[in-house]
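Below is one structure, written out as structure tokens; the observations come after it.
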Amino acid sequence: MTLSDFVTARAAGGPHVSRAARASRLSGLVMAAGAALLAALPFLVFSTVTDTLVNLFVLVALASMWNLLAGFGGLVSVGQQAYVGIGAYTVIALADLGVQPYLAVPLAALTCAVFAVPTSWLAFRLRGDYFAVGTWVIAEVYRLLVVRVDSLGGGSGKGLTGLSGLDQTLRGALTYWIALALALATIAGCYLLLRGRLGLSLMAVRDEETAAGSAGIDVGRAKRLVYLVSAAGCGAAGGVITVSSLSVNPDAIFSVQWSAYMIFIVVIGGIGFIEGPLIGALVFFTMQQFLADYGSWYLVVLGAVGIAVALWLPGGLWGLVRSRTGLSLFPVGYHVRRPDVRE
Amino acid sequence: MGWLNAVVQGILLGGLYALFATGLSLMFGVMRIVNLAHGDLAVVASFLALALVGGTGLPLWVVLVVTVPLFALLGYLTQRVLLQRSLAAGPLATLLVTFGLSIVLQNVLLEIFSADTRTLDGGAFATGSFELSGAISVGYLSLTTFVLAGAVLIGIQLFLSRTGLGRMLRASSDDAETARLMGADSRHVYGIATAIAFATVALAGLMFAIRSSFDPSIGPSRLIFAFEAVVIGGLGSLWGTLLGGMVLGITQSLSAQADPALTLLAGHLVFLAVLAFRPQGLLAGRTA
């Protein structure tokens, strides 16, 4: 056997590299069917159900965006409520100018991405934990600036105009669909983004920033891109919150509570997995519904569970599932198999 | 009230901010932990004092003497039970644990004491003042707080530079592993640092409570003041924290003189300006 024959033979018998295991192809079909079912829900169930689900979708979207930022980009922010607020107020302001509120939601995302550019210049000067508190201060600054604008209702907030002409049932359904679209878009967005070159760079940066930089990755650019995408997603979520609640209050929309929700949903579900925010949001949402009669105790439980998971289960619930079963609904890594070993 | 008076009041307020921020600075300097529950701990101290005064009728200074050591003990236990574990689990875990603690404390306080705004009655001492000159009057409480802040900072500085434990603390801060090789028990040392931090937080929380009203949800905005003081002054420098607190206090006091609605915004903007133009802080850091 000549050397070239040997090399060819080895290459032919080399490991088989693929994205998806068979299980994740199957689960892809199941998820598509699930999404179709969710989209048909307004025709099937009472509006109380769909109205409640709007909250769940918003939580899924927010948590996905925070997961992208912190779990993949390594940027632990406690200030994403800045973009929830800016998004909400963009919808209010655009509706005042005569833009259809539902169409204003994507524009809110765009506005937030624009605001995120100068914000990132400041925030990226801080690292690690100080980045977290710094983004929080910046969110406070945005709140304090917004309440000074009288045309936005000042400190007492403002109602949304432009939806009063719509039939209530139709409005409920449209809000439901836009919330569902937001949740699906954020998950799909994360998935597509992380499958590509950016995903690889990000994970390298998150795991070891200096090494990633020396391997030729433009660390600053990768982080900034993630920050902008996350801001846009949170802005759209803020817009959906506004078209759902029909009004905005500065203290509530810029509240750090949004960050608490995002962070603990992601941590409980599993940080660094696209599935994590989904699982976490479902757990949080269920808990919220069950403890609804007990005031703010669900937040106490949320904080305590969050602490426990951070200490004893760093991969969250999905990390647990994955380590037991190897299941991955959104495969962003690669499976490497030897051809002679059957799956 | 003139502008000069506003500056004097700002400096005195800055003393309180510095006292409050010391714990944050110390915990970051020694353990690289940013304690997001810092503000809420101060509020817990306020409510604890309120409950003690209301429940036992003890005079305020006794409550103060009881609360501060209690918090020191609490700090030591928190470090050993919660934070030490989170340190082992990675940098994200410490942030999550302290943030979780913040959410838990806030909502437990909310359930126990309701969302009402409270004050701690400090009597004549809290409202009394003396005239320094025609235009400037200095409150006894503000001055006491300022002196207390200075004393605490000097005390911590002496502790860090003169005592064996302080030396171990500085060594652990510089290089925990080597310090461990030299026989420093880092868990105990970290516990001591957290105990000091909690004690100063309790003291500051009580001063805040006598000075102005408080409610269960005010912790996070207090944390932001402390954080700003630390960053403006320079990370990991105790005297920087004092300077940062004063800069923040003077800014807030002057802007309140111009337009009360601007108070918070001006403080944040100074912080952002420092971040933009002098990210290492005014007194660039040696570690504490």
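Protein chains in written order, with our numbering: chain A, -8 to 334; chain B, 6 to 293.
The beta-carbon is built from N, C-alpha and C at its ideal position, and this holds for glycine as well.
If you're wondering where the values come from, they're calculated on a predicted model, not measured in any experiment.
Cα-Cα separation between residue i and residue j, rounded to whole angstroms
i        : j        : result
B/ARG227 : B/ASP45  : 8 Å
B/ALA98  : B/SER142 : 47 Å
B/PHE130 : B/PHE213 : 14 Å
A/ASP87  : A/CYS103 : 18 Å
A/PRO305 : A/LEU50  : 21 Å
A/ARG186 : B/THR122 : 51 Å
B/THR246 : B/THR27  : 7 Å
A/LEU219 : B/GLY62  : 55 Å
B/PHE230 : A/ALA31  : 49 Å
A/ALA54  : A/GLU200 : 24 Å
B/VAL102 : B/SER138 : 49 Å
B/GLY12  : B/ILE255 : Note that residue 12 of chain B is Val in the sequence shown here, rather than Gly. If I take the Cα positions, the gap works out to 6 Å.
A/ALA213 : B/GLN162 : 42 Å
A/ALA26  : A/GLY145 : 39 Å
B/PRO64  : B/PHE151 : 22 Å
A/TYR74  : A/VAL67  : 15 Å
B/PRO221 : B/ALA261 : 24 Å
A/MET56  : A/VAL69  : 12 Å
A/SER192 : A/THR177 : 20 Å
A/GLY89  : A/ILE77  : 18 Å
B/LEU110 : A/LEU157 : 43 Å
B/PHE25  : A/LEU60  : 31 Å
A/GLY19  : A/PHE115 : 36 Å
A/GLY229 : A/LEU136 : 17 Å
Contacts around residue i, its chain only, beta-carbon distance under 7 Å, and the 5 residues preceding and following it disregarded
i        : result
B/THR292 : For B/THR292, the pLDDT reaches just 44, beneath the cut-off of 50, and the residue's location in the model is therefore unreliable, although a value from the coordinates is still provided. These residues qualify, in order along the chain: GLY34, SER178, ASP179 and GLY241.
A/GLY382 : As displayed, chain A neither begins before -8 nor continues past 334, which places residue 382 of chain A out of reach and without an answer.
A/THR233 : ALA79, VAL82, ILE83, LEU151 and VAL239
A/TYR93  : LEU165, ILE169 and VAL234
B/PHE118 : PHE52 and PRO221
B/ALA281 : none
B/SER91  : ALA98, THR99 and VAL102
Residues near residue i by beta carbon distance below 6 Å, same chain, minus five either side
i        : result
B/VAL279 : ILE237
B/SER147 : LEU17
A/ARG16  : none
B/THR124 : SER218
B/GLN14  : SER258
A/ALA174 : PHE48, VAL51 and ALA52
B/GLY171 : PHE164 and LEU165
A/SER111 : ARG215 and TYR218
A/GLU266 : TRP309 and LEU320
B/MET251 : ILE16 and GLY19
B/GLY196 : TYR81, GLN84 and ARG85
B/MET36  : TYR195
Of the listed residues the options, nearest to residue i (C-alpha basis)
i        : options                                   : result
B/ALA54  : B/SER91, B/ILE223, B/HIS43 and B/GLY210   : B/GLY210
B/GLY7   : B/ARG283, B/LEU277, B/SER258 and B/LEU269 : B/SER258
B/GLY160 : B/TRP244, B/VAL68 and B/ALA281            : B/TRP244
A/ALA252 : A/VAL21, A/PHE48, A/ALA30 and A/GLY153    : According to the sequence provided, residue 252 of chain A is Tyr. The question's Ala does not apply to it. A/TYR252 has its Cα closest to that of A/PHE48, out of A/VAL21, A/PHE48, A/ALA30 and A/GLY153.
A/LEU269 : A/VAL128, A/LEU171 and A/TYR285           : A/LEU171
B/LEU21  : B/PHE164, B/PHE104, B/LEU153 and B/ALA176 : B/LEU153
B/PRO96  : A/ARG118, A/THR110, A/GLY267 and A/GLY89  : A/ARG118
A/VAL257 : A/ASN58, A/ALA52 and A/ALA24              : A/ASN58
A/VAL296 : B/PHE282, B/ALA281, B/ALA120 and B/LEU106 : B/LEU106
B/LEU208 : B/MET173, B/ALA94, B/PHE76 and B/THR199   : B/PHE76
A/VAL128 : B/LEU287, B/ARG283, B/PHE276 and B/LEU288 : B/PHE276
B/LEU87  : B/GLN262, B/ALA42 and B/LEU9              : B/ALA42
B/MET32  : B/SER134, B/ASN112, B/LEU174 and B/PHE151 : B/LEU174
A/PHE63  : A/ARG188, A/VAL312, A/LEU293 and A/ARG313 : A/ARG188
A/ARG134 : A/GLN71, A/TYR289 and A/LEU29             : A/GLN71
A/ALA107 : A/LEU161, A/VAL291, A/SER314 and A/SER221 : A/SER221
A/CYS225 : A/PHE245, A/ARG116, A/LEU154 and A/LEU143 : A/PHE245
B/GLU233 : B/ALA184, B/ALA200, B/PHE203 and B/LEU287 : B/LEU287
8 Å CB neighbourhood of residue i in its chain, flanking five on each side removed
i        : result
B/GLN285 : GLY239 and LEU240
A/VAL292 : MET278 and LEU282
Practice item. Would you check if the segment 275 to 292 of chain A and the segment 87 to 103 of chain A touch, i.e. whether three or more CB-CB distances between them fall below 8 Å? Key: no
Point to revise | Any alpha helix (DSSP H) of 4 or more consecutive residues that is wholly inside the segment 212 to 270 of chain B | key: 224 to 238 and 243 to 263
Review point. Along the chain, which unbroken stretches of the beta strand (DSSP E) at least 3 residues long are found entirely within the segment 172 to 241 of chain A?
Key: none
Check your understanding: Taking three-plus beta-carbon pairs below 8 Å as touching, is the segment 285 to 301 of chain A in contact with the segment 258 to 266 of chain A?
Key -> yes
Exercise for review: Would you mind listing the alpha helix (DSSP H) stretches within the segment 252 to 311 of chain A that are 4+ residues and don't spill past its ends, in chain order?
Suggested key: 266 to 281 and 288 to 303
Practice item. Let me know the alpha helix (DSSP H) ranges lying completely inside the segment 44 to 121 of chain A, each 4 residues or longer, listed in chain order. Key: 72 to 87 and 92 to 114
Practice item. Please specify which runs of the alpha helix (DSSP H), each continuous and at least 4 residues long, are wholly inside the segment 119 to 175 of chain A, giving them in chain order. Key: 119 to 137
Point to revise | beta strand (DSSP E) segments (min. 3 residues) lying fully within the segment 119 to 187 of chain B | key: 134 to 136 and 142 to 144
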